[in-house]
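Asker: Here the protein sequences line up with chains A and B, keeping their order.
Counting from 5, one number per residue, gives the positions in the first sequence under the numbering used here.
Counting from 5, one number per residue, gives the positions in the second sequence under the numbering used here.
All residues carry an ideal CB built from backbone N, CA and C; glycine is no exception.
As the structure is a prediction and not an experimental result, all values here were calculated from the model.
There are 2 protein chains.
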Amino acid sequence: MAMPKNDEGRRRVVIEGVMPVVDGGRFPIKRVVGDSVRIEADIFVDGHDVLDAVLCYRPEHEPAWRESPLDPAGNDRWRGEFTVDAVGRWQYTLLAWIDHFLSWRHDLTRRVQSEDIAVALQIGADLIEQTAARASAEDAGRLHEFVGRLRGHGTPEARRAVALDAELLAVMTRHPDRRLATRYESELTVVVDPPRAACSAWYEFFPRSCGVNGKTHGGFRDCEARLERIAAMGFDTVYLPPIHPIGHTKRKGRNNSLAVIADDPGSPWAIGAEAGGHKAIHTDLGSLEDFRHFRQRAEQLGLDLAIDIAFQCSPDHPYVREHPDWFLHRPDGSVQYAENPPKKYEDIYPFHFESEAWQALWQELESVFEFWIGEGVLTFRVDNPHTKPFPFWEWVIGEVKRRHPEAIFLAEAFSRPRIMYRLAKLGFSQSYTYFTWRNTKWELIQYLNELTRGEVREYFRPHFWPNTPDILPEYLQFGGRPAFMTRLVLAATLSSNYGVYGPAYELADNTPREAGSEEYLDSEKYQTRRWDEQRPDSLADFMRRVNEIRRDNPALRRNDNLRFYPIDNEELIAYGKASDDLSSIVIVVVNLDAYHTQGGWLELPLERLDLDPRQPYQVHDLLTGARFLWNGPRNYVQLDPQRTPAHIFRLRRRVRTERDFEYFF
Amino acid sequence: MAMPKNDEGRRRVVIEGVMPVVDGGRFPIKRVVGDSVRIEADIFVDGHDVLDAVLCYRPEHEPAWRESPLDPAGNDRWRGEFTVDAVGRWQYTLLAWIDHFLSWRHDLTRRVQSEDIAVALQIGADLIEQTAARASAEDAGRLHEFVGRLRGHGTPEARRAVALDAELLAVMTRHPDRRLATRYESELTVVVDPPRAACSAWYEFFPRSCGVNGKTHGGFRDCEARLERIAAMGFDTVYLPPIHPIGHTKRKGRNNSLAVIADDPGSPWAIGAEAGGHKAIHTDLGSLEDFRHFRQRAEQLGLDLAIDIAFQCSPDHPYVREHPDWFLHRPDGSVQYAENPPKKYEDIYPFHFESEAWQALWQELESVFEFWIGEGVLTFRVDNPHTKPFPFWEWVIGEVKRRHPEAIFLAEAFSRPRIMYRLAKLGFSQSYTYFTWRNTKWELIQYLNELTRGEVREYFRPHFWPNTPDILPEYLQFGGRPAFMTRLVLAATLSSNYGVYGPAYELADNTPREAGSEEYLDSEKYQTRRWDEQRPDSLADFMRRVNEIRRDNPALRRNDNLRFYPIDNEELIAYGKASDDLSSIVIVVVNLDAYHTQGGWLELPLERLDLDPRQPYQVHDLLTGARFLWNGPRNYVQLDPQRTPAHIFRLRRRVRTERDFEYFF
């Protein structure tokens, strides 16, 4: 084993067990602008010397490191934090060193014999002189004064009092000797996204269904009124399925049939036709100018626009003709269509990522993102990323975010756990989840704890969808209107990012294509639909209320603060989220049984919520406006799904004064 | 972000989550010769292709990698193992690739249309031809035959049957296309030690106390009879405190007093005098020749000899004069002695590892190990390693083991957890532990689970000591003879490595220097002692029996198989160890109350022990010879500490035949 070079063998401090970290630092952690990044590490040294340590951090490519203190938290664990105030990649590492002055000072306080103290004072004076040599002129002056007094004529005990002077300590601490400091072996990365990466409410719809004045196929201009409704409902992101020209060859008809009726518009995911591919707009949706107007209208309404990026082609996509080497060919020379034998998807050609021309392919796909960013789109819902190579995603997201760190990528990967987590690690900002199929109390608690309690939360931002155009879950098919309310409350309060396939959700559309299928009957994927937004049973008002509650209660903007509470009924689930300062505390109770009234005793952790067990407190149901006065940790809750299947309580504390009308705040 | 070079972007398989691993691969895991190293990893790819994967492993510096299979274990987890059949450092990594033939074959089985099958057969024939090009002549011949039949005239369905032929699969599997295989990003290391690193029973004694024929100071020749007793008691390692010349300056007298009586021999840890230092032998112990004879006698008796390496000097050590730059000097020019203010240890000079001459110091200390290895010593108990820098230990152990991979280092670091674990990570083969002070059931279970259930077990080999010359724990001071029996059984069965400071343990010496002290009265550290080994109350027979049980029951040679069992009495602790094939199962029940008989219902996991709950089974107490017939999972146990405070049961199953006298084996 080679002997360490230079001074490496003299660097005695050890830094290890740094947290958070993803796969030993192979991947970054994720935060949003304004977050405090809290770091912990084990820091220690042989023997009994006293340590000091700092966190070093900087935006990537900024030459100078900034520093913030690390403080001992017991058992050799140290803690510190820094705030990230801009988007982009930041780096952080740790620096720790033996502080010989602090060690000497600590020993000095414990010395009892005068002669020992006298010798120690000489040693200390030498140390202070060495420090003065690297201090500012002013500090050096003060240090030399102290040296004079330490070497002076008083008794050792009297001079010891000078040596322990707080000012000397302060000046010395400003000039530590870091020549033999240990730097943590790697520089770790945090990707800082805009705040909407951590908290958002998405509304998905098909613009082609918005035709007005009798038009079968709607366009962007027709959709602007809908944007106003979506904004009024409190959503902040509007998401459109692919908006590109749709292929004709092997086009699928209504309900995914192979037989196409003349005016069937085809699936928007069969991308590309004579009019263009991933950088073109479907003629019937309008011109690029119409798209720009639509996007600007969204922006005016405070809506972020997300588009779908599906890297696959219809047989009519220009790529197929222009870049045959990006596709796999069959022995007869035809292009290999998508298939999962015995199923065939002949309207779709996947890219052949094992192609020798992979680099040109990657560059072109990257340019698709760049094109739409040029059009003001910064949020991308990426279709089926788990069927394209992982190295491609790491590169393309890294490349796009290097230039546009505010870009957000949502991974639509309904795949196996390892695959979904890997996609998140290598760059996706947000991820679809299994929430769509997690219905029971046990399932929800297990899954949410996995997402919010361990290392997963450092890189995987869950995005909860109760439905999508591909998925009408069984629970919604059979639970009626209460099921839609229940799943909306769960999605919107368990996860700070959530979304709905909007028109179908508002109107509680629950008819599957056939029994046992999760596909919608007359799915908008293959045809246009008309939605009667004015129907009296619309859930629009309920959705608006839930979004309003999310906006008003900061506790709901995070997931790492989620805690489940015991409630003695398997059909009731209870949980809470609290802001760090406990000024915002939300407690949610949901009846998972869509058919029957259910009641149970809820048990709250009063101490953790900083509630006095001897004083009443108020829970204010933000859905209904009802207020309840509760006492102690155990209180009874009952929910009738035919009325409102959930409580979203804001916790209100008793105020000490009685001069105000409002006794609880 | 730079685009991957060469073919890196086409390597689609991901390998992550490799276990076991220590600090992301920064440190090796540890095993002993003959162990099977079991590896797990997450391995997956985008899309639906079929994977294959192998473990690659080799002794370090051997150019060729060996391979063993990895098999899928569900949820993208793969498992494999390899056996390490020689001491030294081994490397291992993982290799995984898409097997296009297997993917193709999988799809082929699911195709239903004749025309699809026909096209697939053409694609398959191409694949097989490509494989033939890299196969042996014989295999290539077979493959070409298959290609002929696949391209032949039968119906597609008939030719499909040929394509699915098991022989074709076998030949194809021998020649996978690994050009785009993914190799795990790092090569991990396993340090393979001799078996005694994992299982040993140590006996410590002071050779100077063995004087015969009226000699005050014993020597090596006097100790040889003692070696025979130690071997007869079933110990396998004999460990001696430092055997070097002892300093005179500031020598400590009896019971650590500052006043020295003329013939006080001093502490063996005050190393070095006129006669030499760390490579010399104390004259009164004998010559180097005597030492060699002693070591050879130990070897003949099957005893491994361990010596104490304490890197510190008495003021009279030759190093102090010859290498003043290896020590810290005080302002008056004197050498800084060891201190922990207000305590002083003026008979000890620590090395100054921050010295600019650190490299020469490291080299010299390394040569101390080399010297004793030259004398046939391969086991080193290292004194207070936590007061010397971590980088030094990593280097010196690495360097010694590179040349002598069979060397073993036991870290005597009774320090904080992070420090003890770091020393183990960076190379110590075995470690002292907190067992010495863990007495209650809760303490023992907590601590043993920490040591045996998590990552710690991959690098930290606990060595349990119920006493040492420095530590007479409170439990032994007050519990009398039962306490000594209890702690011996716990040490010897909870941990596969254990040791005792022998003479004091045999005779249950429990007198502290003063109340509240863990020091022995008249400690052998400062004086010679006479031990009456023939005393009728000696524990020697009990110790022999316990060691015999350890030797006869392979289940006791490991720790990762330890499981605690419920028993409904806080004073009783119950646990078991089983060999992988369940041929050796040991169940231990210990009464932790040294004063009173305690009883309780023990609950055994019958299913895990492969016991039929409807059949009786026998537990055979190997300490007393008693046999009990038990039924079902719950059975009653009662232990009187005045008789034997523990059961060490061997589990005996009912044999199916009644022709033998022994119904249980």
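1) How about Asp351 of chain B and Arg255 of chain B: do their beta carbons lie closer than 7 Å?
2) Can you give me the Cβ contacts of Val339 of chain B inside the same chain, cut-off strictly under 8 Å, excluding the 5 residues immediately before and after it?
3) Is there a Cβ from chain A that is less than 7 Å from the Cβ of Ile121 of chain B?
4) Just verifying my parser: in three-state terms, what is the DSSP assignment at Pro649 of chain B?
5) Quick one: what's got a C-beta closer than 7 Å to Trp376 of chain B's C-beta in the same chain, skipping five residues either side?
6) According to DSSP, is Ser107 of chain A part of a helix, a strand, or is it coil?
7) Within its chain, find whatever has a CB closer than 8 Å to the CB of Arg539 of chain B; leave out the 5 residues flanking it on each side and keep chain order.
8) According to DSSP, is Leu476 of chain B part of a helix, a strand, or is it coil?
9) For Ile257 of chain A, I'd like the list of residues in its chain whose CB is within less than 7 Å of its CB, leaving aside the five on either flank, ordered along the chain.
10) If you count every other CB in all the chains shown that lies within 10 Å of the CB of Gly13 of chain A, and 16 or more means buried, which is it?
11) Are Pro507 of chain A and Phe209 of chain A close, meaning C-beta to C-beta below 7 Å?
12) Any idea which residues DSSP pairs Phe48 of chain B with across the strands?
13) Which stretch, first to last residue, makes up the alpha helix (DSSP H) that contains Asn453 of chain A?
14) Return the chain-ordered list of same chain residues with a C-beta closer than 6 Å to the C-beta of Arg15 of chain B, the five sequence neighbours on each side being excluded.
15) Is it buried or exposed for Arg301 of chain B, if we count other Cβ within 10 angstroms and need 16 for buried?
16) Please report how far the alpha carbon of Asn563 of chain B lies from the alpha carbon of Lys581 of chain B, in whole angstroms.
17) Whose C-alpha, out of B:Arg115, B:Ala170, B:Asn79, B:Glu20, is nearest the C-alpha of Thr97 of chain B?
18) Within a Cβ cutoff of 7 Å, which residues of the same chain sit near Gly260 of chain A, ignoring the five residues on either side of it in sequence?
19) Going by other Cβ atoms of all chains shown within 10 Å of its Cβ, with 16 needed for buried, is Asn501 of chain B buried or exposed?
20) Under 7 Å between C-beta atoms, does Asp80 of chain B make it to chain C?
21) Does DSSP classify Val4 of chain A as helix, strand or coil?
22) Figure out for me which residue from B:Tyr438, B:Ala137, B:Ala57, B:Ser118 has the closest Cα to the Cα of Trp101 of chain B.
23) Expressed to the nearest angstrom, what Euclidean distance is found between the alpha-carbon atoms of Asn565 of chain B and Gln126 of chain A?
24) Which residues, in chain order, does the region 176-208 of chain A contribute to contact with chain B at a C-beta distance below 8 Å?
25) From Gly520 of chain A to Asp474 of chain A, what distance separates their C-alpha atoms?
26) If we ignore side chains and look at the alpha-carbon of each, how far apart do Leu455 of chain B and Glu523 of chain B end up?
27) Determine, for Trp94 of chain B, whether the minimum Cβ-Cβ distance to residues of chain A falls below 7 Å.
28) Tell me whether Phe331 of chain A sits in a helix, a strand or coil according to DSSP, three-state version.
29) I'd like the list of long-range same chain contacts for Phe488 of chain A, defined as Cβ closer than 7 Å, with 5 residues on each side in sequence excluded.
30) With a cut-off of 8 Å on the beta carbons, I'd call Phe86 of chain B and Leu59 of chain B a contact; round off their distance for me.
31) Are the C-beta of Pro32 of chain B and some C-beta of chain A separated by less than 7 Å?
32) Apart from the five residues on each side of it in sequence, which residues of its chain come closer than 8 Å, Cβ to Cβ, to Leu643 of chain B?
33) For Phe298 of chain B, report the span of its alpha helix (DSSP H) as first-last.
34) Starting from Phe413 of chain B, trace the beta strand (DSSP E) both ways and give me its first and last residue.
35) Checking contacts by CB at 7 Å: is Gly51 of chain A closer than that to chain B?
36) Alpha carbon to alpha carbon, how far is Asp664 of chain B from Glu611 of chain B?
Answerer: So, from the data block:
1) Position 347 of the second sequence, counted from the start, is the residue given in the question as residue 351 of chain B. Position 251 of the second sequence, counted from the start, is the residue given in the question as residue 255 of chain B. Taking 7 Å as the Cβ cut-off, Asp351 of chain B and Arg255 of chain B qualify as a contacting pair.
2) Counted from its first residue, the second sequence places residue 339 of chain B at position 335. Excluding residues within five positions, the ones whose Cβ falls inside 8 Å are Pro319, Val324, Pro328, Phe331, Leu332, His333, Tyr353.
3) If you number the second sequence from 1, residue 121 of chain B lands on position 117. No, because no Cβ of chain A sits closer than 7 Å to the Cβ of Ile121 of chain B.
4) The count along the second sequence starts at 1 and reaches residue 649 of chain B at position 645. DSSP places Pro649 of chain B in coil when its eight states are reduced to three.
5) Mapped onto the second sequence, residue 376 of chain B falls at position 372. So the qualifying residues of the chain are Ile311.
6) Residue mapping note: residue 107 of chain A aligns to position 103 of the first sequence, counting from 1. In the structure shown, Ser107 of chain A sits in a helix (DSSP, three-state: H, G or I).
7) As a position in the second sequence, residue 539 of chain B is number 535, starting the count at 1. The answer, listed in chain order, is Leu511.
8) Counting from 1 along the second sequence, the entry for residue 476 of chain B is found at position 472. Coil, per DSSP.
9) Indexing the first sequence from 1 puts residue 257 of chain A at position 253. A quick correction: the sequence has Gly, not Ile, at residue 257 of chain A. Excluding sequence positions up to five before and after Gly257 of chain A, its CB lies within less than 7 Å of the CB of Ala263, Val264, Ile265, Asp268, Tyr530, all in the same chain and listed in chain order.
10) Taking the first sequence and counting its residues from 1, one reaches residue 13 of chain A at position 9. Buried, by the Cβ-count rule.
11) Here residue 507 of chain A refers to the residue found at position 503 when the first sequence is read from its first residue. Here residue 209 of chain A refers to the residue found at position 205 when the first sequence is read from its first residue. Taking 7 Å as the Cβ cut-off, Pro507 of chain A and Phe209 of chain A qualify as a contacting pair.
12) Residue mapping note: residue 48 of chain B aligns to position 44 of the second sequence, counting from 1. Note: Phe48 of chain B sits in a beta bridge opposite B:Val18.
13) Counted from its first residue, the first sequence places residue 453 of chain A at position 449. DSSP places Asn453 of chain A inside the alpha helix (DSSP H), whose first and last residues are 445-457.
14) Taking the first residue of the second sequence as 1, we reach residue 15 of chain B at position 11. The answer, listed in chain order, is Leu184, Thr186.
15) Position 297 of the second sequence holds residue 301 of chain B. Residue burial annotation: Arg301 of chain B is buried, with at least 16 other C-beta atoms found within 10 angstroms of its C-beta.
16) Position 559 of the second sequence, counted from the start, is the residue given in the question as residue 563 of chain B. Position 577 of the second sequence, counted from the start, is the residue given in the question as residue 581 of chain B. If I take the Cα positions, the gap works out to 8 Å.
17) In the second sequence, residue 97 of chain B corresponds to position 93, counting from 1. Considering only alpha carbons, the answer is B:Glu20.
18) Indexing the first sequence from 1 puts residue 260 of chain A at position 256. Per the sequence shown, the amino acid found at residue 260 of chain A is Asn instead of Gly. Within the same chain, Asn260 of chain A has close Cβ partners Tyr530.
19) Within the second sequence, numbered from 1, the residue matching residue 501 of chain B stands at position 497. It counts as buried.
20) Absent from the structure is chain C; the protein chains it does hold are A and B.
21) Limits of chain A in this structure are 5 at one end and 669 at the other, which puts residue 4 of chain A out of reach.
22) For the purposes of this step, residue 101 of chain B is taken as the residue at position 97 of the second sequence. Comparing Cα positions, the closest option is B:Ala57.
23) The count along the second sequence starts at 1 and reaches residue 565 of chain B at position 561. The count along the first sequence starts at 1 and reaches residue 126 of chain A at position 122. When rounded, the distance between both Cα atoms is 57 Å.
24) The residues in question are Leu184, Glu189.
25) Locating residue 520 of chain A in the first sequence gives position 516, counting from the first residue. Locating residue 474 of chain A in the first sequence gives position 470, counting from the first residue. Cα to Cα, Gly520 of chain A sits roughly 14 Å from Asp474 of chain A.
26) Locating residue 455 of chain B in the second sequence gives position 451, where the first residue counts as 1. Locating residue 523 of chain B in the second sequence gives position 519, where the first residue counts as 1. Between Leu455 of chain B and Glu523 of chain B, the C-alpha separation is close to 27 Å.
27) The residue you call residue 94 of chain B lines up with position 90 of the second sequence. For Trp94 of chain B, the answer is no, since every Cβ of chain A falls outside 7 Å of its Cβ.
28) Your numbering for residue 331 of chain A matches position 327 in the first sequence. In this structure, Phe331 of chain A counts as coil in the three-state DSSP scheme.
29) The residue labelled residue 488 of chain A in the question sits at position 484 within the first sequence. Around Phe488 of chain A: Leu480, Tyr509, Ala512, Leu543.
30) By one-based count along the second sequence, residue 86 of chain B stands at place 82. By one-based count along the second sequence, residue 59 of chain B stands at place 55. Yes, they are in contact, since the Cβ atoms of Phe86 of chain B and Leu59 of chain B sit about 6 Å apart, within 8 Å.
31) In the second sequence, the residue the question calls residue 32 of chain B occupies position 28. Output row for Pro32 of chain B: interface = no.
32) For the purposes of this step, residue 643 of chain B is identified with residue 639 of the second sequence, where counting begins at 1. The answer, listed in chain order, is Leu576, Val593, Val594, Asn595, Thr601, Gln602, Gly603, Pro649, Ala650, His651.
33) Position 294 of the second sequence, counting from 1, holds the residue named residue 298 of chain B. Note, Phe298 of chain B: alpha helix (DSSP H), 292-304.
34) Counted from its first residue, the second sequence places residue 413 of chain B at position 409. Judged by DSSP secondary structure, Phe413 of chain B falls within the beta strand (DSSP E) whose first and last residues are 412-416.
35) Here residue 51 of chain A corresponds to residue number 47 of the first sequence, with the count starting at 1. Yes - at least one Cβ of chain B is within 7 Å of the one on Gly51 of chain A.
36) Here residue 664 of chain B corresponds to residue number 660 of the second sequence, with the count starting at 1. Here residue 611 of chain B corresponds to residue number 607 of the second sequence, with the count starting at 1. Low confidence applies to Asp664 of chain B: its pLDDT is 49, below 50, so where it sits in the model is not reliable enough to give any reading.
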